[in-house]
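Heads up: the structure comes next, in structure tokens.
Protein chains: 2
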Amino acid sequence: MHFPGMPAPLARVVEMLSSLPGVGPKTAMRMGLNLLTRPAGDAAALAQALECLHEQVGFCPVCGCFSEQGHCHFCDDPSRDAATLCVVEQPVDVLMMERGHGYRGSYHVLLGRLSPVDGVGPEQLRLASLDQRMKQGINEIILATSATVDGEATAHYLANRYQHAGVSVSRISRGVPEGGELEYLDEHTLSRALDQRVSWQHHA
Amino acid sequence: MHFPGMPAPLARVVEMLSSLPGVGPKTAMRMGLNLLTRPAGDAAALAQALECLHEQVGFCPVCGCFSEQGHCHFCDDPSRDAATLCVVEQPVDVLMMERGHGYRGSYHVLLGRLSPVDGVGPEQLRLASLDQRMKQGINEIILATSATVDGEATAHYLANRYQHAGVSVSRISRGVPEGGELEYLDEHTLSRALDQRVSWQHHA
Ligand SMILES: [Zn+2]
Ligand SMILES: [Zn+2]
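Protein chains in written order, with UniProt numbering: chain A, 1 to 204; chain B, 1 to 204.
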């Protein structure tokens with residue numbers, strides 16, 4: 001969206017905002033103008049929050065979810081069942097699972113999924129730490145990778161890798177629509193998919 | 001939108017983004033996560049652009065529109081008709097008018113509109129500089145304040161103030177929907193409203 005006469009510093013903000021998901025050029029323009037007409041402190045506060053974002057938010061060394069420092073909120077919670085592991089692709093998937101409020105086990109984030117096309121093999125996923133956790137008294141591993149072709153292949157790979165390790169392997173149910181990314185699901189669908197998870201034998 | 005276990009620095013960014021117009025909590029969440037998973041340089045670049053915004057964007061001393069320094073893009077353009085003044089409420093309204101590409105005159109931004117409820121009287125608007133410009137060979141003044149009650153009252157006030165100054169006073173046509181803010185109009189409606197402007201006598 002070109003606005004003749006728009007000052008370059010404003011155009012820069014608008015352009016960067018419109019590169020974000022869900023933000024069209026008109027919304028970005030409205031956001032930029034809103035920031036410009038609000039007190040300067042508002043834009044400065046947002047700027048500072050953005051500066052801190054990568055600096056202050058890291059990943060939990062155990063599960064791989066977001067963490068401010070050291071262990072995350074979930075790994076630090078003694079009331080959660082450490083013997084049940086829900087394996088997801090991305091940190092955001094953990095936050096999405098939590099919105100259902102039904103799950104009280106632990107998580108493991110792969111930081112990706114197998115993708116021959118993109119050259120992502122098992123060695124690119126957080127599997128070494130998962131292998132290690134599997135030796136520490138895990139009873140059940142819930143495969144909550146996405147219902148995409150790659151997510152499904154990743155679930156198959158993990159099932160094969162761990163089904164003889166004396167743990168129960170399950171897959172979140174097919175309530176997740178085909179091709180669906182966990183990130184865009186409503187909490188009820190995700191809750192149901194978790195409740196109705198089926199043993200890997202029945203799934204495959 | 002509460003996400004248990006979401007790191008505070010991420011929550012801060014999401015909260016600030018959702019205070020912007022057109023950004024719901026879900027979009028803000030997606031934007032924040034997108035920034036977190038993109039290279040740190042992207043968030044830093046947006047932060048820097050926001051820091052510069054108020055510092056580098058000011059107002060034109062002549063017309064009151066946005067300006068990086070000194071006169072704005074429009075006042076500096078010798079090809080524009082300096083004898084025709086389009087009077088608008090806000091700098092953003094100038095950018096919106098320009099999207100129609102039909103107007104080649106000059107602008108004057110009031111930086112507000114009369115509003116008894118909010119205690120905005122003539123002395124709060126940029127009228128001293130408008131009085132001064134009116135003495136410098138203006139042929140026509142186009143009242144392009146919004147079609148709200150206050151915008152209409154402002155147009156009436158300006159018409160009374162200048163209609164005996166030997167200039168033609170006109171009002172953008174009623175193509176602008178009742179209660180409409182210029183900022184949210186499509187360019188065609190605004191173009192037509194400008195083309196079909198009627199002399200103040202016929203308007204009132
Ligand atoms: Zn953790
Ligand atoms: Zn100007």
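Even glycine gets a Cβ: it sits at the ideal position worked out from N, Cα and C.
Does DSSP classify residue i as helix, strand or coil?
i	result
H101 (chain A)	coil
R171 (chain A)	strand
V117 (chain B)	coil
H156 (chain B)	helix
S79 (chain A)	coil
S18 (chain B)	coil
G41 (chain B)	helix
V23 (chain B)	coil
H108 (chain B)	strand
residue 254 (chain B)	In the structure displayed, chain B extends from 1 to 204; residue 254 (chain B) sits before or after that span and is not available.
T148 (chain A)	coil
G5 (chain B)	coil
L130 (chain A)	helix
Q124 (chain B)	helix
G137 (chain A)	coil
Q48 (chain A)	helix
Under 7 angstroms between the Cβ atoms of residue i and residue j?
i	j	result
E181 (chain B)	G100 (chain B)	no
G112 (chain A)	L125 (chain A)	yes
S168 (chain B)	E123 (chain B)	no
Y107 (chain A)	F74 (chain A)	yes
L143 (chain B)	A155 (chain B)	yes
L10 (chain B)	G41 (chain B)	no
F66 (chain A)	P4 (chain B)	no
D150 (chain B)	S115 (chain B)	yes
L36 (chain A)	L53 (chain B)	yes
A43 (chain A)	L50 (chain B)	yes
L17 (chain B)	A28 (chain B)	yes
G105 (chain B)	D81 (chain B)	yes
I172 (chain A)	L194 (chain A)	yes
C86 (chain B)	C72 (chain B)	no
A165 (chain B)	M134 (chain B)	yes
T145 (chain A)	E89 (chain A)	yes
Tell me, please, which residues DSSP counts as bridged to residue i.
i	result
L143 (chain A)	A:V87, A:R171
F74 (chain B)	Per DSSP, none; premise fails for F74 (chain B).
Y184 (chain A)	Answer by DSSP bridge pairing: none, since Y184 (chain A) is not bridged.
F66 (chain B)	B:F59
message = Does the structure place the stretch 20–39 of chain A close enough to the stretch 68–85 of chain B that three or more beta carbon pairs sit under 8 angstroms?
response = no
ask   = Just by C-beta distance, which residues in the stretch 51–74 of chain A are closer than 9 angstroms to chain E?
value = Any reference to chain E falls outside this structure, whose protein chains are A and B.
query = Can you list, in chain order, every residue whose CB sits closer than 6 angstroms to a heavy atom of ligand 3?
reply = Inclusion of ligand 3 in the displayed structure is not the case, the ligand content consisting of ligand 1 and ligand 2 alone.
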